[in-house]
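Below is one structure, written out as structure tokens; the observations come after it.
There are 2 protein chains.
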Amino acid sequence: MTARRPTLRDIAEALGLSVNTVSRALAGKSDISARTRRLVEAEAQRIGYVPNTLARSLVLGSAMTLGLVITTPSNPFYAQLIHGVEVQGRKHGYSMLLLVTDESEDIEKGAVESLLRAAVDGVLAVPVQGGADPWQRLGTAGIPLVLVNRDLPAGRHDFVGIDYEQGAYDATVHAIGAGARRIWMLEEDLPITTIAGRIAGFRRAMTEAGLPVPDEAVRSVPTRRHESAALPWQPEESYVVAQEIVDRADRPDAVLVGNDYFALGLYRALAERGLRVPDDVLVLGYGDFPFSGFLTPPLTSVRLPAYEVGASAVDLLVERVRNRSSAPAQKRLLRPDLVVRPSSTLVTS
Amino acid sequence: MTARRPTLRDIAEALGLSVNTVSRALAGKSDISARTRRLVEAEAQRIGYVPNTLARSLVLGSAMTLGLVITTPSNPFYAQLIHGVEVQGRKHGYSMLLLVTDESEDIEKGAVESLLRAAVDGVLAVPVQGGADPWQRLGTAGIPLVLVNRDLPAGRHDFVGIDYEQGAYDATVHAIGAGARRIWMLEEDLPITTIAGRIAGFRRAMTEAGLPVPDEAVRSVPTRRHESAALPWQPEESYVVAQEIVDRADRPDAVLVGNDYFALGLYRALAERGLRVPDDVLVLGYGDFPFSGFLTPPLTSVRLPAYEVGASAVDLLVERVRNRSSAPAQKRLLRPDLVVRPSSTLVTS
DNA sequence: GCATCTTCCATTAACGTTAATGTCCGCGAC
DNA sequence: GTCGCGGACATTAACGTTAATGGAAGATGC
Chain F
1 MTARRPTLRD IAEALGLSVN TVSRALAGKS DISARTRRLV EAEAQRIGYV PNTLARSLVL
61 GSAMTLGLVI TTPSNPFYAQ LIHGVEVQGR KHGYSMLLLV TDESEDIEKG AVESLLRAAV
121 DGVLAVPVQG GADPWQRLGT AGIPLVLVNR DLPAGRHDFV GIDYEQGAYD ATVHAIGAGA
181 RRIWMLEEDL PITTIAGRIA GFRRAMTEAG LPVPDEAVRS VPTRRHESAA LPWQPEESYV
241 VAQEIVDRAD RPDAVLVGND YFALGLYRAL AERGLRVPDD VLVLGYGDFP FSGFLTPPLT
301 SVRLPAYEVG ASAVDLLVER VRNRSSAPAQ KRLLRPDLVV RPSSTLVTS
Chain E
1 MTARRPTLRD IAEALGLSVN TVSRALAGKS DISARTRRLV EAEAQRIGYV PNTLARSLVL
61 GSAMTLGLVI TTPSNPFYAQ LIHGVEVQGR KHGYSMLLLV TDESEDIEKG AVESLLRAAV
121 DGVLAVPVQG GADPWQRLGT AGIPLVLVNR DLPAGRHDFV GIDYEQGAYD ATVHAIGAGA
181 RRIWMLEEDL PITTIAGRIA GFRRAMTEAG LPVPDEAVRS VPTRRHESAA LPWQPEESYV
241 VAQEIVDRAD RPDAVLVGND YFALGLYRAL AERGLRVPDD VLVLGYGDFP FSGFLTPPLT
301 SVRLPAYEVG ASAVDLLVER VRNRSSAPAQ KRLLRPDLVV RPSSTLVTS
């Protein structure tokens with residue numbers, strides 16, 4: 001039943017050959033007669049031989065495996081990223097070891113240890129950000145690392161991400177062009193570069209247009225970072241914050257939200273006050289989630305090339321793995337594009 | 001720079017000990033003096049020794065790795081499932097090798113080969129369904145397999161999934177209770193058990209209530225299964241089908257959709273005809289996606305315990321890995337629950 | 001004081017694979 | 001006839017770890 005897994009040795013003994021000859025025959029190397037090769041292949045087929053990657057990796061010094069460390073797969077953006085990484089990695093012949101950190105620095109530290117032990121060839125990671133940098137250990141161990149989506153301050157790591165600043169800038173410029181003057185942002189309360197980038201882009205656009213950015217214009221939505229694994233709370237949280245906003249006398253005439261879930265909470269709060277989108281308030285999302293184009297009204301949003309980020313990061317990582325030169329850190333920023341829909345389009349009749 | 005990775009041998013030579021002594025010292029085994037143990041641990045720390053899992057796995061015959069095969073991570077359900085599997089797997093000390101099939105039988109066959117080569121201890125898989133059963137190869141190789149979410153007809157595999165039939169039954173009963181009589185379904189055009197289960201539950205509820213189920217009541221939304229990796233097309237596809245439905249003379253007074261994306265397309269088609277939800281048509285979703293509670297109107301939907309399915313599947317798999325008895329296949333069905341929201345609630349004033 | 005038991009470590013072998021050498025044999029060249 | 005050469009295989013070693021066995025020195029028993 002649970003018969004031992006067949007090895008090269010089984011084939012060798014059955015055919016009266018040496019193990020090495022069998023190995024070379026199956027690997028398609030020279031110094032093997034056509035007859036022997038045929039025999040070996042037939043026997044391998046017959047007993048269902050499958051090479052053992054562990055042993056192979058041990059002697060070759062490479063497991064053809066990449067580590068992929070994600071904070072949470074439930075985020076649609078990361079879900080697509082995972083997809084891109086897996087597909088592109090497979091193209092290069094690599095397998096994916098998936099680790100989830102749940103935004104916890106402790107788990108992240110453990111993940112680094114796991115990757116070191118597993119002797120992966122390279123690592124793609126979305127860092128938790130905030131505390132120390134556990135990723136340097138990979139560097140000293142000689143394992144290439146490419147950070148994805150979030151960069152770390154040191155700046156010494158390779159990085160592939162999205163120009164969040166530009167995306168927010170474009171969205172803000174668009175809102176201004178649509179006539180908005182008092183524009184506010186709704187952002188999650190996390191110390192990560194993606195959020196900082198969006199706020200910077202927002203400020204830049206406002207400043208260039210000569211519009212003021214009062215302190216209250218950047219509202220933070222309280223996060224429950226470590227409480228729950230999934231993300232369904234995001235609309236609720238933004239709803240609470242949005243309720244407070246819509247009641248104010250200096251209510252904004254446009255709101256940029258950090259992700260499209262937030263737009264849902266905002267939509268609800270606005271609807272409850274009888275405020276219409278876009279007539280009374282423009283709403284601009286970020287991420288262009290699959291549902292965004294089908295909301296009422298359809299939501300203008302910044303589309304993020306998640307899949308492409310994953311694929312590009314893999315390409316860079318594989319390049320690093322192949323020629324282990326200590327080239328200077330490379331930073332790749334993919335550009336998002338604004339998808340304009342009715343939530344930000346005033347029908348000027 | 002790219003110094004060779006330190007091994008047990010490095011520690012042994014530095015301390016004038018044998019490799020085996022070092023191994024036993026670090027493993028916390030007996031027959032090692034306290035003094036030696038301290039020395040070994042200190043030296044290991046100093047040179048940054050990390051055990052090599054490959055070598056370890058080779059001799060122990062177990063890599064402490066599980067394979068996870070998913071059709072597409074972009075589906076919110078699978079995203080959460082992945083999350084549950086990873087977290088629960090880690091609790092048991094296992095790493096996750098992630099493979100994505102994109103609903104392709106060819107890729108799936110390749111995935112099985114990869115898993116065999118990688119010598120994983122067990123496999124969790126969402127099978128593509130439709131053609132042959134490539135998973136039997138794992139069985140003959142002695143690798144435990146637990147199918148997740150979709151079962152295969154043979155019935156010989158372990159399986160952990162959701163009682164889709166019950167979920168659809170509950171939703172249908174609820175719709176009937178809300179006064180609906182002409183109830184239709186909108187389902188993806190795929191030959192998979194999850195969809196068949198939903199249709200069966202729908203039919204059962206209708207039959208029990210003495211309501212007819214004409215052929216046209218089960219509408220299929222054309223799928224683009226292999227065309228595109230992501231899923232954002234789902235609302236569009238359902239929108240097209242829904243347009244045809246709302247124009248009919250025998251328009252249904254309630255519609256059950258196969259997933260909440262479909263509800264978006266339906267909402268739009270209804271709104272364009274000036275039909276109101278729930279007043280003119282009740283809408284019931286499936287999956288309870290994160291956005292569903294925040295649509296206008298909030299969508300009644302069947303909530304699926306995706307995370308729990310993943311965790312439960314891991315538990316079963318780990319049990320199979322530990323005691324490799326050839327026990328009969330086990331089938332676990334987790335029960336979904338209906339989340340009632342305004343889209344199916346007639347306000348009888 | 002000799003046998004016996006512990007304690008603590010070394011030696012050997014094994015996991016399954018690949019790379020580097022060795023070896024035998026037949027054949028053509030001169 | 002001998003030399004050299006290349007084809008086709010075998011032998012040996014290595015990857016880094018763990019398990020099984022071996023053995024030397026000191027402690028203990030009487």
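These protein sequence lines map, in sequence, to chains F and E.
Residues in the first sequence are numbered from 1 upward in steps of one, following full-length UniProt numbering.
Residues in the second sequence are numbered from 1 upward in steps of one, following full-length UniProt numbering.
Quick reminder that beta carbons are idealized off the backbone N, C-alpha and C, glycines included.
Looking at the C-beta of residue i, does it have a partner C-beta in chain F at a distance below 8 Å?
i, result
"residue 354 of chain E", "Only positions 1 to 349 of chain E appear in this structure, which leaves residue 354 of chain E out of reach."
"Glu86 of chain E", "yes"
"Val100 of chain E", "yes"
"Thr172 of chain E", "no"
"Ser114 of chain E", "yes"
"Pro73 of chain E", "yes"
"Val45 of chain E", "According to the sequence provided, residue 45 of chain E is Gln. The question's Val does not apply to it. No - not a single Cβ of chain F is within 8 Å of the one on Gln45 of chain E."
"Pro144 of chain E", "no"
"residue 356 of chain E", "For residue 356 of chain E there is no data in the structure shown, the boundaries of chain E being 1 and 349."
"Gly265 of chain E", "yes"
"Leu304 of chain E", "no"
"Arg268 of chain E", "yes"
Please say whether residue j and residue i have beta carbons closer to each other than 8 Å?
i, j, result
"Leu58 of chain E", "Leu58 of chain F", "yes"
"Tyr169 of chain E", "Ala205 of chain E", "yes"
"Val112 of chain E", "Met96 of chain E", "no"
"Val160 of chain F", "Val277 of chain F", "no"
"Ile82 of chain E", "Pro290 of chain F", "no"
"Leu15 of chain E", "Glu43 of chain E", "yes"
"Val314 of chain F", "Pro336 of chain F", "no"
"Arg182 of chain E", "Asp250 of chain E", "yes"
"Gly139 of chain F", "Leu147 of chain F", "no"
"Val69 of chain F", "Thr101 of chain F", "yes"
"Pro222 of chain E", "Glu244 of chain E", "no"
"Ala154 of chain F", "Asp121 of chain F", "no"
"Ala178 of chain F", "Ser312 of chain F", "no"
"Glu188 of chain E", "Gly285 of chain E", "no"
Taking all protein chains shown into account, do 16 or more other C-beta atoms lie within 10 angstroms of the C-beta of residue i, making it buried, or fewer, making it exposed?
i, result
"Ile199 of chain E", "buried"
"Ile143 of chain E", "buried"
"Thr207 of chain E", "exposed"
"Gly28 of chain E", "exposed"
"Asn323 of chain F", "exposed"
"Asn149 of chain F", "buried"
"Ala119 of chain F", "buried"
"Asp158 of chain F", "buried"
"Gly201 of chain E", "buried"
"Asn75 of chain F", "buried"
"Asn20 of chain F", "exposed"
"Ser33 of chain E", "exposed"
"Asp151 of chain E", "buried"
"Leu346 of chain F", "exposed"
Hey, does residue i have any beta-carbon neighbour from chain E nearer than 8 Å?
i, result
"Phe291 of chain F", "yes"
"Ser301 of chain F", "no"
"Val50 of chain F", "yes"
"Met1 of chain F", "For Met1 of chain F, the predicted structure reports a pLDDT of 45, less than 50, and the residue's modelled location is therefore unreliable. The matter cannot be settled from this model."
"Pro235 of chain F", "yes"
"Met96 of chain F", "yes"
"Ile245 of chain F", "no"
"Phe262 of chain F", "no"
"Ile82 of chain F", "yes"
"Arg117 of chain F", "yes"
"Arg54 of chain F", "Per the sequence presented here, residue 54 of chain F reads as Leu, with Arg not at that position. Closer than 8 Å: yes."
My guess is that residue i and residue j are in contact by the Cβ rule of under 8 Å, so how many angstroms apart are they, rounded?
i, j, result
"Val283 of chain F", "Leu266 of chain F", "6 Å"
"Asp260 of chain E", "Leu299 of chain E", "6 Å"
"residue 385 of chain F", "Ala254 of chain F", "Nothing can be reported for residue 385 of chain F, as the shown portion of chain F is limited to 1 through 349."
"Arg341 of chain F", "Gly287 of chain F", "Actually they do not touch by this definition, with Cβ atoms about 14 Å apart."
What residues are listed by DSSP as bridge partners for residue i?
i, result
"Thr300 of chain F", "F:Leu284"
"Ser220 of chain F", "F:Glu187"
"Phe262 of chain E", "The partner list for Phe262 of chain E (beta bridge, DSSP) is empty, contrary to what the question assumes."
"Lys109 of chain F", "Its beta-bridge partners do not exist; DSSP assigns none."
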